[in-house]
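Student: Handing you this structure, nothing more for now.
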Amino acid sequence: MKRGNEMRVLWMLACVVAGCGTVDRKEPDHVGPEAPLAEANAEEGSAVRTQKPGAPVKVEGKLGASSAALTVDFEEAASDVTVEVWGVDGLVVTSAKEPVQNRRFGQGEKVSVEVSFTAPATRADLAVRVRGTFDGRVRERVQSFTVNAGAPSLTQPPGELRTGPDGKPVRVLRAE
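Sequence positions in the sequence shown follow UniProt numbering and run 1 to 176.
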């Protein structure tokens, strides 16, 4: 009987420890330099952009109501480069979905891409993927640009939004 109680206590302790926090996963070294997750740009006509580590390129965009002027700056030489664009949360790209296909660019070279889209009245995103072979390895960078950043989102996250003891918003999910 005593052995069973010890096992239950150890099991409960393991469950508590597992639920106490999370461990940040280290990104693999092959994806390139770290990039900020989000940057706010205060210039008129620009938007908040989300960026993940990846290919050695810098993607900048100037958004309008129904178009975007994107500039891809190559920090390293690349071959077999493809640029893809698509919409998220109701944004529909009306121009070419793959405006750059199988091209080669040198270090420091830039390419401009014009994208036309139809945006909903809600917040939506224009996503951009630059994929190519850099120094013999296929790498990519995916980045999004928010359209109608001040508008509510088309999709609401699950759960109920409450204020935590520290005054910050907390999303409470129901147990299943």
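Ideal Cβ placement from N, Cα and C applies to all residues, glycine included. Just so we're clear, the structure is a prediction, and the values are computed from it rather than from any experiment.
Considering residue 165, what are the terminal residues of the beta strand (DSSP E) in which it resides?
Tutor: Neither: residue 165 is in no beta strand (DSSP E) and is coded neither H nor E.
Student: Please identify the residue among 131, 159, 163 whose C-alpha is closest to the C-alpha of residue 175.
Tutor: The residue with the shortest Cα to Cα distance from residue 175 is 159.
Student: Who are the near neighbours of residue 67 in its chain, counting only those whose CB is closer than 6 Å to its CB and skipping five residues on each side?
Tutor: Counting only Cβ-Cβ distances below 6 Å, and skipping sequence neighbours, we find 116.
Student: Does the distance from the C-beta atom of residue 122 to that of residue 144 stay below 9 Å?
Tutor: No, these two residues do not count as a Cβ contact at 9 Å.
Student: Give me the Cα-Cα distance between residue 104 and residue 131, rounded to the nearest whole angstrom.
Tutor: Taking the straight line joining both Cα atoms gives about 11 Å.
Student: Taking DSSP's pairing of strands, which residues face residue 68 in a bridge?
Tutor: Answer is 63, 115, bridged to residue 68.
Student: Which parts of the stretch 87-152 are runs of the alpha helix (DSSP H), unbroken and 4 residues or longer, counting only runs that do not cross its ends?
Tutor: Segments of the alpha helix (DSSP H) lying fully in the stretch 87-152: there are none.
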